[in-house]
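A.B. asks:
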Amino acid sequence: MDLNKKVAVVTGGASGLGRAATQELVNRGANVVIVDMNAEAGAAAVDELGAANARFIALDVSSGPDVEAAFEKILADLGRVDICVNCAGIGIAAKTIDREGNPHSLDLYRKVIEVNLIGTFNISRCAAAAMARNEPDEKTERGVIINTASIAAFDGQMGQVAYSATKGGIVGMTLPMARDLAGSGIRVNTIAPGVMATPLLLSAPQQVQDGIVSGIPFPKRLGEPSEFGQLVVHMVENSYLNGETVRLDGAVRMQPR
Ligand SMILES: NC(=O)c1ccc[n+]([C@@H]2O[C@H](COP(=O)([O-])OP(=O)(O)OC[C@H]3O[C@@H](n4cnc5c(N)ncnc54)[C@H](O)[C@@H]3O)[C@@H](O)[C@H]2O)c1
Numbered sequence: 313m314d315l316n317k318k319v320a321v322v323t324g325g326a327s328g329l330g331r332a333a334t335q336e337l338v339n340r341g342a343n344v345v346i347v348d349m350n351a352e353a354g355a356a357a358v359d360e361l362g363a364a365n366a367r368f369i370a371l372d373v374s375s376g377p378d379v380e381a382a383f384e385k386i387l388a389d390l391g392r393v394d395i396c397v398n399c400a401g402i403g404i405a406a407k408t409i410d411r412e413g414n415p416h417s418l419d420l421y422r423k424v425i426e427v428n429l430i431g432t433f434n435i436s437r438c439a440a441a442a443m444a445r446n447e448p449d450e451k452t453e454r455g456v457i458i459n460t461a462s463i464a465a466f467d468g469q470m471g472q473v474a475y476s477a478t479k480g481g482i483v484g485m486t487l488p489m490a491r492d493l494a495g496s497g498i499r500v501n502t503i504a505p506g507v508m509a510t511p512l513l514l515s516a517p518q519q520v521q522d523g524i525v526s527g528i529p530f531p532k533r534l535g536e537p538s539e540f541g542q543l544v545v546h547m548v549e550n551s552y553l554n555g556e557t558v559r560l561d562g563a564v565r566m567q568p569r
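Just so you know, we're using this note's numbering here: the sequence shown kicks off at 313 and counts up by one.
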């Protein structure tokens, strides 16, 4: 799918990987709607990108009614949705039982599932319904959905039991969603990033960063958010890529801790 003048919805687009994806999409002529809980960062992103290229909607991706209302507004304002990039997510660190032998908080587990897994599905179902209304393009496509998992879906470390479950769920729904939406001309792919140079990681002590980098075979550095954005663009543009999860990780395989 050609990106020029297309409407893209990017969740988590106010920060990190979502912000980088937004930049790459705008660079190629797409009109982006940033959907994020952080109103201040969302407004700042629109200022940087320019109001002609981007707008912002503040919401929690796990709220069914809020997401439905947001897509109605996008359709009313912009007439269509062609691309959806799910980047909103949270991480927690807690083991199945803690040092004192207490069980993992169930509320915390539910919260991560709500935001990462249910939030991704919630946005995708509404995006798909909007895309299905599009006239097919010259390649018979109506839309593209891109999810963000993590290498923790495959090599989750100690303390990642909840986070890995959400990301494994995203990987697991990629193929069946692509199959569900095949008849509508909508593709679904997932990116599983390794360790990327987002603000959170860059704020970690240098020693911690060096330790992480030493385990990455090649290139021996953190991934750049712009490299995530480039893969988003490729997944939109390459019409034969469908139902797939792609690791973006410098060949790293995480150890148990
Ligand atoms: N940074 C990495 O190294 C890395 C590696 C693997 C996977 N990921 C995944 O990539 C995605 C983006 O990560 P990031 O590092 O850019 O994080 P980030 O914290 O910089 O950005 C996440 C954005 O999501 C928003 N958000 C969080 N919960 C939300 C909710 N309920 N509703 C709406 N918006 C919400 C936040 O406000 C924030 O702007 C996450 O899903 C994360 O799990 C990141």
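Glycine residues also receive a C-beta, built at the ideal position from the N, C-alpha and C atoms.
1. Going along the chain, which residues of its own chain have a beta-carbon closer than 7 angstroms to the beta-carbon of E539, five neighbours each way excluded?
2. Report the CB separation of N350 from A326 in whole angstroms; it is logged as a contact under 8 angstroms.
3. Report the residue ranges of all beta strand (DSSP E) runs contained in full by the region 445 to 507; include only those spanning at least 3 residues, in chain order.
4. Please state the DSSP three-state secondary structure of C438.
5. May I ask you to check if the CB of T323 is nearer than 7 angstroms to at least one heavy atom of ligand 1?
6. Quick one: grab the DSSP three-state call for P531.
7. When every heavy atom of ligand 1 is checked, does at least one fall within less than 7 angstroms of the C-beta of A563?
8. Rounded to the nearest angstrom, what separates I482 and N554 at their Cα positions?
9. For L420 and I463, I'd like the C-alpha separation in whole angstroms.
10. Could you give the DSSP three-state label for A382: helix, strand or coil?
11. Which of the three DSSP states, helix, strand or coil, is assigned to R331?
12. Closest to K407 by C-alpha separation, out of D372, D314 and Q469, would be which residue?
13. Tell me, to the nearest whole angstrom, how far the beta carbon of A333 is from that of V397; I am working on the premise that it is less than 8 angstroms.
14. Between T510 and ligand 1, is the CB less than 7 angstroms from at least one heavy atom?
15. Mapping the DSSP letters down to three states, classify T408 as helix, strand or coil.
16. Would you check if the distance between the CB atom of M508 and the CB atom of S436 is smaller than 8 angstroms?
17. Rounded to whole angstroms, what's the CA-CA distance from F571 to S515? Just pull it up for me.
18. Do V345 and I386 have their beta-carbon atoms positioned less than 8 angstroms apart in this structure?
19. Tell me whether P505, by its Cβ, gets closer than 7 angstroms to a heavy atom of ligand 1.
C.D. replies: To lay it out plainly:
1. If you number the sequence shown from 1, residue 539 lands on position 227. Only L560 meet the Cβ criterion.
2. The count along the sequence shown starts at 1 and reaches residue 350 at position 38. The count along the sequence shown starts at 1 and reaches residue 326 at position 14. About 5 angstroms separates the two Cβ atoms, so the contact holds.
3. Inside the region 445 to 507, DSSP marks whole beta strand (DSSP E) runs of 3 or more residues at positions 455 to 460 and 498 to 505, from first to last along the chain.
4. In the sequence shown, the residue the question calls residue 438 occupies position 126. Three-state DSSP puts C438 in a helix.
5. Here residue 323 refers to the residue found at position 11 of the sequence shown. Yes, the beta carbon of T323 sits closer than 7 angstroms to at least one heavy atom of ligand 1.
6. Here residue 531 refers to the residue found at position 219 when the sequence shown is read from its first residue. P531: coil per DSSP, three-state reduction.
7. Translated into the one-based positions of the sequence shown, residue 563 becomes position 251. Because no heavy atom of ligand 1 lies under 7 angstroms away, the Cβ of A563 does not count as near it: no.
8. Counting from one through the sequence shown, the residue named residue 482 turns up at place 170. Counting from one through the sequence shown, the residue named residue 554 turns up at place 242. Here the C-alpha atom of I482 lies approximately 15 angstroms from the C-alpha atom of N554.
9. For the purposes of this step, residue 420 is taken as residue 108 along the sequence shown, with counting starting at 1. For the purposes of this step, residue 463 is taken as residue 151 along the sequence shown, with counting starting at 1. Cα to Cα, the separation comes out at about 21 angstroms.
10. What you label residue 382 is simply residue 70 of the sequence shown in a count that begins at 1. Under the three-state reduction of DSSP output, A382 falls in the helix class.
11. On the sequence shown, residue 331 is found 19 positions in, with the first residue counted as 1. If DSSP states are grouped into helix, strand and coil, R331 belongs with the helices.
12. Indexing the sequence shown from 1 puts residue 407 at position 95. A check of alpha carbon separations from K407 across D372, D314 and Q469 identifies Q469 as the nearest.
13. Sequence index remark: in the sequence shown, residue 333 carries index 21 (1-based). Sequence index remark: in the sequence shown, residue 397 carries index 85 (1-based). Rounded to the nearest angstrom, the Cβ distance from A333 to V397 is 5 angstroms, consistent with a contact under 8 angstroms.
14. The count along the sequence shown starts at 1 and reaches residue 510 at position 198. Relative to ligand 1, the nearest heavy atom lies less than 7 angstroms away from the CB of T510.
15. Taking the sequence shown and counting its residues from 1, one reaches residue 408 at position 96. In this structure, T408 counts as coil in the three-state DSSP scheme.
16. One-based indexing of the sequence shown puts residue 508 at position 196. One-based indexing of the sequence shown puts residue 436 at position 124. Not a contact, by the Cβ cut-off of 8 angstroms.
17. Summary: the structure shown does not reach residue 571, with the chain confined to residues 313 through 569, and so no result is reported for it.
18. For the purposes of this step, residue 386 is taken as residue 74 along the sequence shown, with counting starting at 1. For the purposes of this step, residue 345 is taken as residue 33 along the sequence shown, with counting starting at 1. Result yes, Cβ atoms of I386 and V345 sit closer than 8 angstroms.
19. Locating residue 505 in the sequence shown gives position 193, counting from the first residue. With a cut-off of 7 angstroms, the C-beta of P505 is classified as near ligand 1, since at least one heavy atom of the ligand falls inside that distance.
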